[in-house]
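In our numbering, the protein residues as written are 316 to 526.
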């Protein structure tokens, strides 16, 4: 059963790459609309943890010769499939607002459709279930335990960051941000005109940007 398990790990790895591709596209869309990122410092740790989950599952099974137990592996595989279904249901419900990073657009409101009608953070439930179940498909209990412990700490921080980001988005007017941006551009343009007239554009341009 080691080869099928390796195929499962590779399948999940490909799925993660697909997530990152969708995430980058959505991040560009959000930033083009004034999106602001929160909690960027914890993101590399989250990526590292998920890479460690896949590597640890493979290495523990290969090096420690973990057996496949039908009574454990079957239900665990079912949970992996269910968690993937929940994750992509969340992606579909959020649409372009979904991201692996915490990026929110000013003026946006909390979603109330799909699984978000019942849970505040259903995607993180999918992450927790998959992280515990994937290694247990082939009895890699050390990896399952380690991931669950570290993921609990990381997700507690992540949820706090996301709640703060959503609160900021709901109380921030996109009009105000657009006005500030337009005002800054106008000041730069005005300084450019003054600089052209006085042949001393550099100091004026610097003053306009700083203001």
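Even glycine gets a Cβ: it sits at the ideal position worked out from N, Cα and C.
Taken in chain order, the complete beta strand (DSSP E) segments of 3 or more residues contained in the stretch 406-480 are 417-419. In this structure, residue 424 places its C-beta atom within 8 Å of the C-beta atom of residue 485. The three-state reading of DSSP puts residue 351 in strand, counting E and B together. Contact annotation: the stretch 351-361 does not touch the stretch 426-439, with fewer than three C-beta pairs closer than 8 Å. Here the alpha carbons of residue 394 and residue 359 stand approximately 26 Å from one another.
Counted as a single uninterrupted DSSP element, the stretch harbouring residue 382 is not any alpha helix (DSSP H), since DSSP gives it neither H nor E.
With a threshold of 16 other beta carbon atoms within 10 Å, residue 370 falls short and is exposed. Two segments are said to touch when three or more pairs of C-beta atoms, one from each, lie closer than 8 Å; by this definition the stretch 361-369 touches the stretch 459-466. The residues 369, 372, 373, in chain order, have a CB closer than 7 Å to that of residue 324 in the same chain once the five nearest residues on each side in sequence are set aside. Per DSSP, the unbroken alpha helix (DSSP H) holding residue 321 starts and ends at 317-346.
For residue 459, the number of other beta carbons within 10 angstroms of its own is at least 16, and it is reported as buried. 456 is the residue among 456, 427, 411 whose C-alpha sits nearest the C-alpha of residue 380. In the three-state reduction of the DSSP assignment, residue 488 falls in the coil class, being assigned neither a helical nor a strand state.
Rounded to whole angstroms, residue 426 and residue 407 show a C-alpha spacing of 12 Å.
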